[in-house]
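Asks: Sharing a structure, written as structure tokens. Questions coming.
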Amino acid sequence: MPIKILGDEWVKSIECIKTELGEPDESGRRKPIPLPESKFAIDADVVIEAIGQRVENSFIESNPLVIG
């Protein structure tokens, strides 16, 4: 599970922590529980935050640089 992005002016890495699934809640979903002493870093040059449920691709039709 990502915790934070590391770097000064540019991304250098992403700090993460290992997790395990806890007990199911009222909806039946199991929540991730961070494991103690399991932090680690992944080197990265770019981070793309993807939190949406659908792809937003309306820019493709109006962008002459995209070949479709």
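For what it's worth, the numbering used here labels the leading residue of the sequence shown as 27, then goes sequentially. All C-beta atoms, glycine included, are put in the ideal place defined by N, C-alpha and C. Quick caveat: nothing in here was measured; it's all calculated off a predicted structure.
1. Once DSSP output is grouped into helix, strand and coil, what is the label at Glu87?
2. Can you tell me whether DSSP reads Gly33 as helix, strand or coil?
3. Which of the three DSSP states is assigned to Ala76 in this structure?
4. According to DSSP, simplified to helix, strand and coil, what is Arg56?
5. Do Ile29 and Cys42 come within 8 Å of each other at the CB atom, strictly closer than that value?
Replies: On the basis of the coordinates in this document:
1. In this structure, Glu87 counts as helix in the three-state DSSP scheme.
2. Coil at Gly33, not helix or strand.
3. If DSSP states are grouped into helix, strand and coil, Ala76 belongs with coil.
4. Here Arg56 sits in strand by DSSP.
5. Note that the C-beta distance between Cys42 and Ile29 is below 8 Å.
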